[in-house]
Ligand SMILES: [Zn+2]
Ligand SMILES: [Zn+2]
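In the working numbering, the protein residues as written are 574 to 727.
Here it is as structure tokens:
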């Protein structure tokens, strides 16, 4: 058995190609395109709402999915290990292993990429776009890509 387990979770984008992010400081949701978010020219991602650089922008949904996938994987591995023991101990053994029923799987729901009511706006400072709350367009928002506060965003 391999000691290493590789899992990848892709964060789905919405119909416009934006992925959902969540600031761990203020809990605000916003969206950006993977092209902008993973661009080498973008060193940090700033929360458009509070202007801070969050350590993680992974939403609870993604986190939950990752945990469920791990749980399922580990349960399956334990089950398979017991199945093996059961198979090998069938003949003349004092100790009997029973694997029992296959483990119940946690739901691996596709991540909701739709947080409604976020509007696309262009940050003139970086000429990049993000989806933010309409309210932020009026009050001003920090550019997710350079942290400069923009007012009257289109
Ligand atoms: Zn924030
Ligand atoms: Zn900018």
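Positions of the beta carbon are idealized from the N, C-alpha and C atoms, including for glycine.
### residue 626 - partner residues in DSSP beta bridges
As a position in the chain shown, residue 626 is number 53, starting the count at 1. Paired residue(s): 619.
### Message
By the three-class DSSP mapping on this structure, what secondary structure does residue 715 have?
### Response
In the chain shown, residue 715 corresponds to position 142, counting from 1. Per DSSP, reduced to three states, the secondary structure at residue 715 is strand.
#### Entry: Rounded distance between the beta-carbons of residue 618 and residue 717, thought under 8 Å
On the chain shown, residue 717 is found 144 positions in, with the first residue counted as 1. On the chain shown, residue 618 is found 45 positions in, with the first residue counted as 1. In this structure residue 717 is in contact with residue 618, their Cβ atoms being roughly 5 Å apart against a cut-off of 8 Å.
### Message
On the DSSP bridge list, what partners appear for residue 701?
### Response
Reading the chain shown from its first residue, position 128 is the one you call residue 701. Residue 701 is bridged to 696.
### Query
Within 8 Å: the Cβ of residue 625 and any heavy atom of ligand 1?
In the chain shown, counting from the first residue as 1, residue 625 sits at position 52. Under cutoff, so the answer is yes.
### Message
For residue 673 and residue 699, I'd like the C-alpha separation in whole angstroms.
### Response
Residue 673 sits at position 100 when you count from the first residue of the chain shown. Residue 699 sits at position 126 when you count from the first residue of the chain shown. A direct Cα-Cα distance of roughly 58 Å separates residue 673 from residue 699.
### Message
Let me confirm a value: residue 715 is counted as buried when at least 16 other C-beta atoms fall within 10 Å, else exposed. Which label applies?
### Response
Position 142 of the chain shown holds residue 715. Buried, because 16 or more other Cβ atoms sit within 10 Å of the Cβ of residue 715.
### Task
Would you identify the three-state DSSP class for residue 710, choosing helix, strand or coil?
For the purposes of this step, residue 710 is identified with residue 137 of the chain shown, where counting begins at 1. It is helical.
### Task
Could you tell me whether the Cβ atoms of residue 602 and residue 644 are closer together than 9 Å?
Counting from 1 along the chain shown, the entry for residue 602 is found at position 29. Counting from 1 along the chain shown, the entry for residue 644 is found at position 71. Against a cut-off of 9 Å, the Cβ pair of residue 644 and residue 602 comes out as no contact.
### Query
With 16 other CB atoms within 10 Å as the buried threshold, where does residue 687 fall?
Locating residue 687 in the chain shown gives position 114, where the first residue counts as 1. Annotation note: pLDDT 44 at residue 687 (below 50); position unreliable, coordinate value reported separately. The residue in question, residue 687, is exposed, as its Cβ has fewer than 16 Cβ neighbours within 10 Å.
### Message
Between which residues of its own chain and residue 656 is the CB-CB distance below 8 Å, once the five residues before and five after are set aside?
### Response
Your numbering for residue 656 matches position 83 in the chain shown. These residues qualify, in order along the chain: 672.
### Query
So what does DSSP say about residue 672, is it helix, strand or coil?
Within the chain shown, residue 672 is the residue found at index 99, counting from 1. It is coil, neither helix nor strand.
### Message
Only counting the same chain, and skipping five residues up and downstream in sequence, which positions put a Cβ closer than 6 Å to that of residue 615?
### Response
In the chain shown, counting from the first residue as 1, residue 615 sits at position 42. Counting only Cβ-Cβ distances below 6 Å, and skipping sequence neighbours, we find 718.
#### Entry: For residue 702 and residue 587, the rounded distance between their alpha carbons
Counting from 1 along the chain shown, the entry for residue 587 is found at position 14. Counting from 1 along the chain shown, the entry for residue 702 is found at position 129. Between residue 587 and residue 702, the C-alpha separation is close to 14 Å.
### Message
Please output, in chain order, the residues near ligand 2 using a CB cut-off of less than 6 Å to any non-hydrogen atom of the ligand.
### Response
Answer in sequence order: 696, 698, 699, 716, 718, 719 and 721.
### Task
For residue 643, write down the residues that DSSP places opposite it in a beta bridge.
Sequence index remark: in the chain shown, residue 643 carries index 70 (1-based). DSSP lists no partner for residue 643.
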